[in-house]
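Below is one structure, written out as structure tokens; the observations come after it.
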Amino acid sequence: MGEKKPVPAHVAVIMDGNGRWAELRGLSKLEGHHAGMDSMKEIIKKADAMGVQYLTVYAFSTENWKRSREEVGGIFELLVKYMAIELKEMDEKNMKVNIFGDWQHRLPEDAIEAVRDAVVTTGNNTGLVFNICLNYGSRDEIVRAFNKLLSEGRTEVTAEDISRALYSGEENGNVPDPDLIIRTSGEERLSNFLLWQAAYSEFAFTDTLWPDFTPEEFESIVEEYRTRERRYGGR
Ligand code: FPP
6 MGEKKPVPAH VAVIMDGNGR WAELRGLSKL EGHHAGMDSM KEIIKKADAM
56 GVQYLTVYAF STENWKRSRE EVGGIFELLV KYMAIELKEM DEKNMKVNIF
106 GDWQHRLPED AIEAVRDAVV TTGNNTGLVF NICLNYGSRD EIVRAFNKLL
156 SEGRTEVTAE DISRALYSGE ENGNVPDPDL IIRTSGEERL SNFLLWQAAY
206 SEFAFTDTLW PDFTPEEFES IVEEYRTRER RYGGR
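Position 53 of the sequence shown, counted from 1, bears residue number 58 in my numbering, the numbering being contiguous throughout.
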């Protein structure tokens, strides 16, 4: 048994299972997302308390637009409500909010405003960095990065250039790659999330549906991660 590794600097979470959680209870999908939002709040606090420096959540993918207008509208209403209530506390806790994704387009106007307010208000904070993926897709992110580099006149690029041109790169303070990616609800796939950044990430899957995911389970997953040996292709 080796020594325990440090707490992961960056944990990314695919918050899956809100719909099934609601269905099991005869509730609407939106009630499921509402409960999912409560879980998210608890996990942010727990991650911060444990010394995690970067927390990234997959809140809305480029594919999620295929859902009903009602569900999509409801998710963004939740986001606006969340920001109105939580922004002050996040700011007081010195947390910095980043958005990964094409958030300036296609989102409802009040959601764009809420997001802009959060990014601007917390821009100089130095505590936990909370990255919310909104209208995010990893392939889109990579294509956008290449086009950015091409527009700078590059004819050849390095891996570092690509990392810097992603949403997680320079524009959001060069967030390090995730050490640990957690997906809830029993699904075991990446679903167009952080494809480039996940090259050496550790994965943890749990059957728990996101609204039932607790800070205690988060902690036990992190503790299990700390016993893993990471070799990055070396020995
Ligand atoms: C996956 O559950 C969850 C989502 C697509 C949205 C996640 C949203 C939240 C946790 C609340 C909103 C938070 C923000 C910041 C906007 P699912 O609906 O795919 O579950 P299912 O697979 O059981 O249907």
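Beta carbons are placed, not taken as given, at the ideal position from N, Cα and C, and that holds for glycine.
Rounded straight-line distance, which links the Cα of residue j to that of residue i
{"i": "Glu-8", "j": "Arg-235", "result": "13 Å"}
{"i": "Val-12", "j": "Leu-155", "result": "37 Å"}
{"i": "Val-120", "j": "Leu-60", "result": "17 Å"}
{"i": "Ala-170", "j": "Ala-116", "result": "25 Å"}
{"i": "Asn-103", "j": "Asn-69", "result": "20 Å"}
{"i": "Asp-21", "j": "Glu-36", "result": "14 Å"}
{"i": "Lys-34", "j": "Tyr-87", "result": "17 Å"}
{"i": "Asn-129", "j": "Leu-92", "result": "14 Å"}
{"i": "Thr-160", "j": "Ser-168", "result": "16 Å"}
{"i": "Ala-209", "j": "Ile-48", "result": "15 Å"}
{"i": "Glu-157", "j": "Gly-31", "result": "53 Å"}
{"i": "Gly-142", "j": "Phe-105", "result": "9 Å"}
{"i": "Arg-111", "j": "Gly-191", "result": "30 Å"}
{"i": "Thr-219", "j": "Ile-137", "result": "19 Å"}
{"i": "Glu-76", "j": "Gly-239", "result": "45 Å"}
{"i": "Phe-81", "j": "Lys-10", "result": "38 Å"}
{"i": "Ser-196", "j": "Val-62", "result": "13 Å"}
{"i": "Ile-1", "j": "Ser-44", "result": "For the chain, the structure presents residues 6 to 240; residue 1 sits outside this window and is missing."}
{"i": "Pro-181", "j": "Ser-173", "result": "8 Å"}
{"i": "Asn-23", "j": "Arg-74", "result": "17 Å"}
Within-8 Å CB hit, residue i to chain C
{"i": "Leu-92", "result": "Absent here is chain C; the protein component of the structure consists of one chain."}
Enclosing alpha helix (DSSP H) for residue i [first to last residue]
{"i": "Glu-157", "result": "From DSSP, Glu-157 is part of no alpha helix (DSSP H); its letter is neither H nor E."}
{"i": "Ser-44", "result": "34–55"}
{"i": "Ala-17", "result": "Element bounds for Ala-17: not the alpha helix (DSSP H) but the beta strand (DSSP E), 15–19."}
{"i": "Glu-234", "result": "Unbroken run through Glu-234: none, as it is neither H nor E."}
{"i": "Glu-8", "result": "Neither: Glu-8 is in no alpha helix (DSSP H) and is coded neither H nor E."}
{"i": "Arg-25", "result": "23–29"}
Residue i: CB within 7 Å of a non-hydrogen atom of the ligand FPP
{"i": "Asp-21", "result": "yes"}
{"i": "Gly-191", "result": "no"}
{"i": "Arg-25", "result": "yes"}
{"i": "Asn-69", "result": "yes"}
{"i": "Ala-64", "result": "yes"}
{"i": "Met-45", "result": "yes"}
{"i": "Met-55", "result": "no"}
{"i": "Lys-50", "result": "no"}
{"i": "Lys-34", "result": "yes"}
{"i": "Ile-117", "result": "no"}
{"i": "Tyr-87", "result": "yes"}
{"i": "Gly-37", "result": "yes"}
{"i": "Gly-41", "result": "yes"}
Among the options, the one whose alpha carbon lies nearest that of residue i
{"i": "Arg-25", "options": "Val-57, Ala-14 and Ala-40", "result": "Ala-40"}
{"i": "Glu-207", "options": "Glu-222, Tyr-230 and Asp-107", "result": "Tyr-230"}
{"i": "Pro-113", "options": "Gln-202, Asn-179, Leu-84 and Thr-219", "result": "Leu-84"}
{"i": "Asp-96", "options": "Arg-111, Asp-122, Ser-73 and His-110", "result": "Asp-122"}
{"i": "Leu-29", "options": "Glu-118, Pro-183 and Pro-216", "result": "Pro-216"}
{"i": "Ala-164", "options": "Trp-201, Val-18, Ile-49 and Pro-220", "result": "Trp-201"}
{"i": "Val-134", "options": "Leu-214, Glu-146 and Asn-179", "result": "Asn-179"}
{"i": "Val-227", "options": "Thr-211, Gly-238 and Tyr-237", "result": "Thr-211"}
{"i": "Pro-183", "options": "Phe-198, Ser-190 and Ala-150", "result": "Phe-198"}
{"i": "Ala-204", "options": "His-38, Thr-219 and Tyr-237", "result": "Tyr-237"}
{"i": "Asn-152", "options": "Met-100, Asp-166 and His-38", "result": "Asp-166"}
{"i": "Asp-107", "options": "Phe-223, Leu-139 and Arg-144", "result": "Leu-139"}
{"i": "Ser-225", "options": "Met-42, Ala-14, Ala-52 and His-38", "result": "Ala-52"}
{"i": "Glu-175", "options": "Ala-150, Leu-185 and Phe-223", "result": "Ala-150"}
{"i": "Asn-177", "options": "Glu-221, Phe-223, Val-124 and Ile-147", "result": "Val-124"}
{"i": "Val-16", "options": "Asn-99, Val-57 and Met-42", "result": "Val-57"}
{"i": "Glu-146", "options": "Met-55, Ser-66, Met-42 and Ile-19", "result": "Ser-66"}
Range of the contiguous beta strand (DSSP E) that encloses residue i
{"i": "Ala-64", "result": "59–66"}
Subject >> Every unbroken beta strand (DSSP E) inside the segment 152–227 [3 residues or more] >> reply: 185–188 and 207–210
Original post:
Mind pulling the beta strand (DSSP E) runs of 3 or more residues that sit fully within the segment 68–146?
Top reply: 101–105 and 134–141
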